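S.K.: Take this structure, written in structure tokens, and hold onto it; I'll ask about it next.
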Amino acid sequence: MRKSLYYLFLTLFTSTTLYAQYPILPERERARVIDEILEDRLTNLLPKLMRREGIDMWVIISREYNEDPVMKTMLPSTWLSARRRTIMVFFDAGGDKPLEKLAIARYDVGNLLKGEWDINVQPNQWLALGKVIEERNPKKIALNYSKDYGHADGLTYTEQKELMANLSEKQKAKIVSADRLAVAWLETRSEKEAALYPLICRISHEIIQEAFSEKVIHPGITTTDDVVWWMRQKVTDLGLETWFHPTVDIQRHDPANFDHLRTFSKRPDKQVIMPGDLIHCDFGITYLRLNTDQQQHAYILRPGESEVPEFIKKAFAQGNRLQDLLTERFKAGVTGNQMLLGALEQAKKEGITASIYSHPIGVHGHAAGPTIGMWDQQKGVPGPGDYPLFPNTGYSIELNAAVEIAEWKKIIRIMLEEDGYYTADGFRYLDGRQTEVFTIPRKLTNVK
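Quick note: the sequence shown, position 95, residue 95 per full-length UniProt numbering, numbers continuous.
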């Protein structure tokens, strides 16, 4: 494992594009890395998760262009979708036997799943699946349906009907939800992914830093929408993807009050950025099948100013303190709701007006795992908020502190979001967090 990680990093730093500060692999090398990670996950991680959740057979079914969210994470790099109907079967025979990885399809799924359907012997794909199940006679047959997680609810109505029509009563009685196994697969990062993730977060941070600089922002001319589209174009130019449209918004000395919906659906798109503005962005990228989600702030210096006003510094410190109140509660087995309510209770004691809406992150932006509040559900989130914390999982620490600013005669929100990682050793930020508000113009020294 250590040797393969060495070669992985060697690839990342020797086969990159011409963007010196953005170590991004060309497509062919990305595919190699993705397949190497996928093989490692299927061979070494999935068997452990199946045994942890007490599942000996997992069946995943999708049709082309209507892929199960879990199946999409299991397709090799050169498969951009399922093909016709793709059926994956994972079977744990127990003991020291390796996990059996089968595709009930006319061909192998890459080099990872062996094609098990011979159309000349059995023309009916469903009957071919039934034969595989009968021969292995599992204790449980896990299918992807879930009340709490859309990520684990990928089995469609039609495919479920077809499956049930072709299973024996004996096998039907063994069907269970695969939701906890699906969530475990989606949320758990391998050693290789954990090694890569800080670099991906660094790329995302550097794009924000460039966007929040005088290279992009010219006070009195540049609008918030200009910055948004600069970020989108930068992502495209670097050969990356984003999983959501970025946002940039302004808080300033004016009568306007904060409206959470305003930062999403009601946000003005052509606000001109002016000296004295506190600007904020929400931004993320997708690279090597992993996602980032980050929110940071910058202050536009007024003529004669050389640093951020003290009242904004003090407000920002409350946001950082709220981050600490949440992340110090990360302990295995604690649920998202317990972390939420504990952090909010302590924040209230410390005089912080807090709102916490943090979420898992990984192969999805708003990923599977313990939900830690939603902006409009601050008393807990039934279902996904009751899911416990497991090691080797990633989170976007997303929250805000509302602070009364006497100088502006209004309340502002310090809206922060940084990506982190939880292991048995505790929580850490993947590429640090913002502890000082950027200034424009500024030096890139505000993240540590």
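Using N, Cα and C, we set each Cβ at its ideal position, and we do this for glycine too. Remember, predicted model here, so these are calculated numbers, not experimental data.
Keeping to the same chain, check which residues put their C-beta closer than 8 Å to that of D148; ignore five residues upstream and five downstream.
M.R.: D179, G383, P384, Y387, listed in sequence order.
S.K.: At least one CB of chain C closer than 8 Å to the CB of G342: is that the case?
M.R.: Considering every chain present, this structure includes no chain C. It has just one protein chain.
S.K.: Start and end of the beta strand (DSSP E) containing K410?
M.R.: K410 -> beta strand (DSSP E) spans 410-423.
S.K.: In the DSSP assignment, find the unbroken alpha helix (DSSP H) run with K101 in it and report its ends.
M.R.: No alpha helix (DSSP H) contains K101, which is instead part of the beta strand (DSSP E) from 100-103.
S.K.: Tell me where the alpha helix (DSSP H) around I208 begins and ends.
M.R.: Taken as a continuous stretch (DSSP letters only), the alpha helix (DSSP H) holding I208 covers 191-211.
S.K.: Out of curiosity, what's the CA-to-CA distance linking T16 and P26?
M.R.: Summary for T16: the model assigns pLDDT 43, below 50, so the residue's position carries little reliability, and this model does not support an answer.
S.K.: In the DSSP assignment, find the unbroken beta strand (DSSP E) run with D92 in it and report its ends.
M.R.: Per DSSP, D92 belongs to no beta strand (DSSP E) and is neither H nor E.
S.K.: Can you tell me whether DSSP reads H280 as helix, strand or coil?
M.R.: If DSSP states are grouped into helix, strand and coil, H280 belongs with the strands.
S.K.: Give the list of continuous beta strand (DSSP E) stretches no shorter than 3 residues that lie fully inside the segment 28-96.
M.R.: Counting only runs of 3 or more, we get 57-63, 85-91.
S.K.: With a threshold of 16 other CB atoms inside 10 Å of the CB of T335, please say whether the residue is buried or exposed.
M.R.: Classification for T335: buried.
S.K.: Under 8 Å: do the segment 82-93 and the segment 190-202 share three or more Cβ pairs, one atom per stretch?
M.R.: No, the segment 82-93 is not in contact with the segment 190-202.
S.K.: For H245, which residues in the same chain have their Cβ closer than 8 Å to its Cβ, ignoring the five residues on either side in sequence?
M.R.: Hits under 8 Å: V228, R232.
S.K.: Give the C-beta separation of S396 and I361 to the nearest angstrom, bearing in mind that I take them to be a contact with Cβ-Cβ under 8 Å.
M.R.: Between I361 and S396 the Cβ distance is about 5 Å, and since that is below 8 Å, they are a contact.
S.K.: Where does the unbroken alpha helix (DSSP H) through N124 begin, and where does it stop?
M.R.: Looking at the DSSP string, N124 is not in any alpha helix (DSSP H), and its letter there is neither H nor E.
S.K.: Does the segment 41-59 come within contact of the segment 137-155, defined as at least 3 CB pairs closer than 8 Å?
M.R.: Yes, they touch.
S.K.: State the Cα-Cα distance for the pair R323 and M374, rounded to the nearest angstrom.
M.R.: Going by the sequence as given, residue 323 is Gln instead of Arg. For Q323 and M374, the distance between alpha carbons rounds to 15 Å.
S.K.: Can you list the beta strand (DSSP E) stretches of 3 or more residues lying completely in the segment 269-346, in chain order?
M.R.: Listed in chain order, they are 278-283, 294-300.
S.K.: From L430 to K161, what does the alpha carbon distance come to, in whole angstroms?
M.R.: Their backbone Cα atoms lie some 43 Å apart in a straight line.
S.K.: Looking at the unbroken beta strand (DSSP E) that takes in Y395, where does it start and where does it end?
M.R.: Residues 393-405.
S.K.: Considering only residues of the same chain and omitting the five flanking positions on each side of L49, which have a CB-CB separation below 8 Å?
M.R.: Around L49: L181, A184, W185, T188.
S.K.: Kindly indicate which three-state DSSP category I133 falls into: helix, strand or coil?
M.R.: Reduced to three states, the DSSP call for I133 is helix.
S.K.: Output the boundary residues of the beta strand (DSSP E) element that contains V176.
M.R.: It spans 175-177 - the beta strand (DSSP E) in which V176 sits, taken as one unbroken run.
S.K.: So L196 and L112 are in contact, right, with Cβ under 8 Å, and what is the actual spacing, rounded?
M.R.: Between L112 and L196 the Cβ distance is about 19 Å, and since that is not below 8 Å, they are no contact.
S.K.: May I ask which residues mark the beginning and end of the beta strand (DSSP E) holding D249?
M.R.: Its beta strand (DSSP E) spans residues 247-251.
S.K.: In whole angstroms, what separates the C-alpha of A256 from that of R30?
M.R.: Rounded to the nearest angstrom, the two C-alpha atoms are 46 Å apart.
S.K.: Take every Cβ of the segment 413-428, pair it with every Cβ of the segment 308-324, and state whether three or more of those distances are shorter than 8 Å.
M.R.: At 8 Å Cβ cutoff, the stretches touch.
S.K.: Between which two residues does the beta strand (DSSP E) harbouring A142 extend?
M.R.: Note, A142: beta strand (DSSP E), 141-143.
S.K.: Pick out whichever of E345, D96, Q271 has its Cα sitting closest to the Cα of G220.
M.R.: Here the closest residue by C-alpha is Q271.
S.K.: What is the residue span of the alpha helix (DSSP H) that T224 lies within?
M.R.: Taken as a continuous stretch (DSSP letters only), the alpha helix (DSSP H) holding T224 covers 224-237.
S.K.: Taking the straight line between their C-alpha atoms, what separation do you get for V70 and E436?
M.R.: When rounded, the distance between both Cα atoms is 38 Å.
S.K.: Just how far apart, CA to CA, sit K170 and L102?
M.R.: For K170 and L102, the distance between alpha carbons rounds to 22 Å.
S.K.: In the structure shown, what three-state DSSP assignment does R442 receive?
M.R.: Three-state result, R442: coil.
S.K.: Measure the beta-carbon distance from I356 to I372 and round it to whole angstroms, keeping in mind my assumption that it falls under 8 Å.
M.R.: Indeed, because the Cβ distance is near 6 Å, the residues count as touching under 8 Å.
S.K.: With DSSP run on the structure shown, which of helix, strand or coil describes P255?
M.R.: Three-state result, P255: coil.
S.K.: So if DSSP puts H359 in a beta bridge, which residue, or which two residues, is it bridged to?
M.R.: Looking at the DSSP assignment, H359 forms a beta bridge with S396.
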